[in-house]
Amino acid sequence: MKSKVIILDTTLRDGEQALQASLSAKEKLRIALSLEKCGIDIIEAGFPISSPGDFKSVQAISRKIKNSKICSLARCLEKDIDIAGQAISASNNSRIHIFLATSTLHITSKLRKNFDEIIEMAIFSVKKALRYTNDVQFSCEDASRTTIDNLCRIVEKLIKSGVKTINIPDTVGYTIPNEICSIINQLFERVPNIHKAVISVHCHDDLGMAVGNSISAIQSGARQIEGTINGIGERAGNTALEEIIMAIKVREDILKVSTNIVHKEIYRTSKIVSQICNMPIPSNKAIVGSNAFAHSSGIHQDGVLKNRQNYEIMDPSSIGLKDVKLNLTSRSGRAAVKYYMDEMGYKKNDYNIDDLYAAFLKLADKKGQVFDYDLEALAFMNQQQEESDYFLLKFFSVQSISNGLSTASVKLLCGNKTYTESATTRNGPVDAIYQAINRITHFPIVLQKFQLVAKGRGKDALGQVDILVEYNNRKFHGIGLATDIIESSAQAMINILNIIWKLQQINKKLRK
Ligand SMILES: [Zn+2]
0 MKSKVIILDT TLRDGEQALQ ASLSAKEKLR IALSLEKCGI DIIEAGFPIS SPGDFKSVQA
60 ISRKIKNSKI CSLARCLEKD IDIAGQAISA SNNSRIHIFL ATSTLHITSK LRKNFDEIIE
120 MAIFSVKKAL RYTNDVQFSC EDASRTTIDN LCRIVEKLIK SGVKTINIPD TVGYTIPNEI
180 CSIINQLFER VPNIHKAVIS VHCHDDLGMA VGNSISAIQS GARQIEGTIN GIGERAGNTA
240 LEEIIMAIKV REDILKVSTN IVHKEIYRTS KIVSQICNMP IPSNKAIVGS NAFAHSSGIH
300 QDGVLKNRQN YEIMDPSSIG LKDVKLNLTS RSGRAAVKYY MDEMGYKKND YNIDDLYAAF
360 LKLADKKGQV FDYDLEALAF MNQQQEESDY FLLKFFSVQS ISNGLSTASV KLLCGNKTYT
420 ESATTRNGPV DAIYQAINRI THFPIVLQKF QLVAKGRGKD ALGQVDILVE YNNRKFHGIG
480 LATDIIESSA QAMINILNII WKLQQINKKL RK
């Protein structure tokens, strides 16, 4: 019988902590639901001590997710472990993941302790965590730079104290494949109780070797792999789970292991994570990039036409990728919209059909034809907009003159009142419309990043504007989507203003 490799996804913890703007609890829950559907064994939902928001979202995920184990991260500190334990209390399938540095470099220069004290702290924390769940994972942070003698010593003690999963992280992405092989081989040879625990690896991609190292670790006996969808994460990112999962499937002949993953959900999960995290997938990205299955040279195209296996090692449909070409018009019904969303791999819980259909009709009137990528963009845009938005763009006009001056006028609905303002600037039409909006809303916002991408093809493609702003030392991310790029720019700003306005209302309520 083939043995199983457990997949631990840390998109919501290691991946999320590297995003420019943090995700809302609702967005994290949507990612968790899609990971569950994809058959992920363990979802590391967050680091609850890091913020009340993270605590709440780990709690919400623990309540909703039934088929994946929920894991909560903690340092070797009593309060961390208590908060982690409380956050997952609603789940009856949970894990606490404790981490502590074990390399001499980290323990002397960061923790200022000796190795005996490290072992003592670790064992004390494991005992504390075992009060909340019988499934405790321990990560020896910077394990790949820890001396093998120290690593063997602490691992034996940890297993004896009840740890079921020992994680060997390559925290700084420094290891190369045969090095990680040697570490794991030595653990198996030298730690007498090693068979009582699962060995896991958590690799970072600083040298582009996260996936290679993880595969090597499997060959040495590791049976849990940690990583993120699309490889998002600190610095160069984590092990890309879709790559590991497909490598295990495609090279089953050599690796002789399998996973519990529902492979046909991979493409959809990758898309959802990319959309929600606002992290575009490079076109040449393995497995899920838009060119991953495209053959451009004539010789290859010819070969593929004769027999796909000539140049294709995987069938695109095995990851849920379908070649959907559709052309909807305003005469298309709700069922047609739903049908094409199904075809693209989205399930009805992934989006709101009423909102999507309303937005679709509006766009179909404007553009005439609507394509699959338009539908996708609309479906995810609607998730960003709440029904009860306070600010609403009613009208705008912009004029740019060749002498460098731009003038914008806007009419905004604020609650139930309408205001009109205009502004003139030398910095172009987007700055003019932002200044006019600011004259109405008066939020001291600093624009940090502005990005425009065409969603779709041709001259009637939708323009998506992503902006990052700073307000009161916090970063906010807004998206606007329209055929007119000035309108997308304005909508992206209004998207953020609505988020800030809502936060202010919540704070006012809390202060009462
Ligand atoms: Zn990490």
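Positions 0 to 511 (numbering that gives the first Met the number 0) are the ones given, in order, by the sequence shown.
Here a beta-carbon is modelled for each residue, glycine too, at the ideal position from N, C-alpha and C.
From a predicted model like this one, the values you see are computed outputs, not experimental measurements.
Distance cut-off 8 Å: residue i Cβ against heavy atoms of ligand 1
i	result
Asn237	yes
Glu233	yes
His194	no
Thr145	no
Asp205	no
Asp8	no
Thr101	no
Asp13	yes
Thr170	yes
His201	yes
Residue i: first and last residue of the uninterrupted beta strand (DSSP E) it sits in
i	result
Leu32	Element bounds for Leu32: not the beta strand (DSSP E) but the alpha helix (DSSP H), 24-36.
Cys202	197-202
Leu104	Run containing Leu104: none in the beta strand (DSSP E); it sits in the alpha helix (DSSP H), 103-108.
Phe137	135-140
Asp465	461-470
Ile478	473-481
Asn66	Unbroken run through Asn66: none, as it is neither H nor E.
Cys151	Taken as a continuous stretch (DSSP letters only), Cys151 belongs to no beta strand (DSSP E), being part of the alpha helix (DSSP H) at 147-159.
Asn166	164-169
Gln398	390-399
Ser405	405-413
Arg94	93-100
Lys448	445-454
Glu311	That residue, Glu311, is in no beta strand (DSSP E); it is neither H nor E in DSSP.
Gly211	Note, Gly211: premise wrong, no beta strand (DSSP E); alpha helix (DSSP H) at 209-219.
Gly45	41-45
Cβ-Cβ separation, residue j to residue i (assumed contact under 8 Å), whole Å
i	j	result
Ser56	Lys27	5 Å
Ser102	Asp141	4 Å
Ser522	Glu43	With the chain running from 0 to 511 in the structure shown, residue 522 is simply not present.
Leu327	Ala335	6 Å
Leu467	Gln490	Wrong, their Cβ atoms sit about 15 Å apart, outside the cutoff.
Ile30	Ile271	7 Å
Phe442	Tyr470	6 Å
Val135	Ile167	With 8 Å as the limit, Val135 and Ile167 do not qualify as a contact, their Cβ atoms being about 16 Å apart.
Leu22	Ile275	7 Å
Ser143	Ile179	7 Å
Ser329	Asp353	Rounded, the Cβ-Cβ distance is 17 Å, inconsistent with contact.
Thr238	Val210	6 Å
First and last residue of the uninterrupted alpha helix (DSSP H) at residue i
i	result
Cys276	265-276
Ile260	Element bounds for Ile260: n/a, residue is neither H nor E.
Val249	240-249
Gly427	First-last for Gly427: undefined, no H or E at that position.
Leu186	176-189
Pro51	51-63
Ile286	From DSSP, Ile286 is part of no alpha helix (DSSP H); its letter is neither H nor E.
Ile117	114-128
Lys78	77-86
Glu342	333-342
Could you check whether the segment 301-319 touches the segment 283-293, counting it as contact only if at least three pairs of C-beta atoms, one from each stretch, sit closer than 8 Å? Verdict: yes, contact present.
Pair every Cβ in the segment 424-441 with every Cβ in the segment 406-413, then say whether three or more of these pairs are closer than 8 Å. The segment 424-441 makes contact with the segment 406-413; the number of CB pairs closer than 8 Å reaches 3 or more.
Any contact of the segment 82-89 with the segment 110-118, i.e. 3+ C-beta pairs under 8 Å? As far as the Cβ criterion goes, the segment 82-89 does not touch the segment 110-118, which means the pair count is below three.
Tell me whether the segment 250-267 and the segment 9-16 touch, counting them as touching only if at least three CB pairs, one residue from each stretch, are closer than 8 Å. Of all C-beta pairs linking the segment 250-267 to the segment 9-16, fewer than three are shorter than 8 Å, placing the two stretches out of contact.
Any chance the segment 144-162 sits against the segment 190-199, with 3 or more Cβ pairs inside 8 Å? By the criterion of at least three beta-carbon pairs nearer than 8 Å, the segment 144-162 is in contact with the segment 190-199.
Is there contact between the segment 414-426 and the segment 441-455, where contact requires at least three CB pairs shorter than 8 Å? Because the criterion of three Cβ pairs below 8 Å is not met, the segment 414-426 and the segment 441-455 do not touch.
If you pair each beta-carbon of the segment 302-309 with each one of the segment 245-258, do three or more pairs fall below 8 Å? No: fewer than three Cβ pairs fall under 8 Å.
Does the segment 68-82 come close enough to the segment 121-136 that 3 or more CB-CB pairs lie under 8 Å? Touching, yes, given that three or more Cβ pairs across the two stretches are closer than 8 Å.
Would you call the segment 169-189 and the segment 214-222 in contact, with 3 or more CB pairs under 8 Å? Enough Cβ pairs lie closer than 8 Å, so yes.
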